[in-house]
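Participant: Input: one structure, supplied below.
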Amino acid sequence: MSRNFVLRDNSKGGVNVRASGSTAFTGAKARSAAVPCGRRLNLNGLGVTQQKHLSHQAKILYEGVKKLKRAIQRQVRLYENLSKMKLNNSQSALLRNLADVNKFTRNFILSQTRNQKLKPRGRRFSLEDKIFALSIYKQSGKGYRFLSKIFSLPSRKTLVK
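Numbering (UniProt numbering), first residue to last: 1 to 161.
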């Protein structure tokens with residue numbers, strides 16, 4: 001639900017402003033110019049270049065929009081920080097659960113978690129991972145093809161090199 005604000009200043013040099021959501025429109029000269037919602041608020045769409053040229057009511061609206069944008073930026077940063085903390089906590093929980101597993105299995109599982117989200121050409125494998133994949137490939141090529149559909153394993157070209 002969007003709310004429309006209409007500010008009118010009939011004094012000399014005043015600007016009529018109608019704001020809705022992230023854009024503001026001016027009623028001056030019977031045209032409407034949008035103010036894009038970028039990093040900074042743009043006053044050119046209102047027909048002025050400096051904040052001091054706005055009417056009193058337009059300044060109040062302008063300041064309110066600036067405060068709301070800062071609040072949104074704060075909330076976005078807070079959300080990003082919480083997401084990073086949640087990810088770090090889940091990784092540390094995984095490492096705690098893998099403490100009882102032998103080193104080879106732990107490295108394989110960590111390699112899978114690291115490479116699973118990457119595209120096939122963006123995956124990076126350690127020498128141990130390549131040796132393990134080569135041993136599976138030498139045992140059974142068909143089995144390797146099946147396992148490569150389940151796990152993120154190096155391509156056959158990588159193993160042949």
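Glycine residues also receive a C-beta, built at the ideal position from the N, C-alpha and C atoms.
#1: Using only the alpha-carbon positions, how far apart do V48 and K67 sit?
#2: Between the region 51-66 and the region 78-86, do three or more beta carbon pairs fall short of 8 Å?
#3: Taking the alpha-carbon positions, what's the I136 to R96 distance?
#4: With a threshold of 16 other CB atoms inside 10 Å of the CB of L78, please say whether the residue is buried or exposed.
#5: One question on the structure: do L118 and I109 come within less than 9 Å of each other, judged by their Cβ atoms?
#6: Note the first and the last residue of the continuous alpha helix (DSSP H) segment covering K130.
#7: State the Cα-Cα distance for the pair H53 and G45, rounded to the nearest angstrom.
Facilitator: Walking through what the data contain:
#1: In the sequence shown, the residue the question calls residue 48 occupies position 48. In the sequence shown, the residue the question calls residue 67 occupies position 67. Cα to Cα, the separation comes out at about 20 Å.
#2: Touching, no, given that fewer than three Cβ pairs across the two stretches are closer than 8 Å.
#3: Here residue 136 is taken as the residue at index 136 of the sequence shown, counted from 1. Here residue 96 is taken as the residue at index 96 of the sequence shown, counted from 1. The straight-line gap from Cα to Cα measures roughly 28 Å.
#4: Within the sequence shown, the letter at position 78 stands for residue 78. L78 should be labelled exposed.
#5: Residue mapping note: residue 118 aligns to position 118 of the sequence shown, counting from 1. Residue mapping note: residue 109 aligns to position 109 of the sequence shown, counting from 1. Not in contact: L118 and I109 (Cβ atoms no closer than 9 Å).
#6: Numbered from its first residue, the sequence shown carries residue 130 at position 130. Unbroken alpha helix (DSSP H) run through K130: L127 to Q139.
#7: As a first step, residue 53 must be located in the sequence shown, where it is residue number 53. As a first step, residue 45 must be located in the sequence shown, where it is residue number 45. Whole-angstrom Cα-Cα distance: 13 Å.
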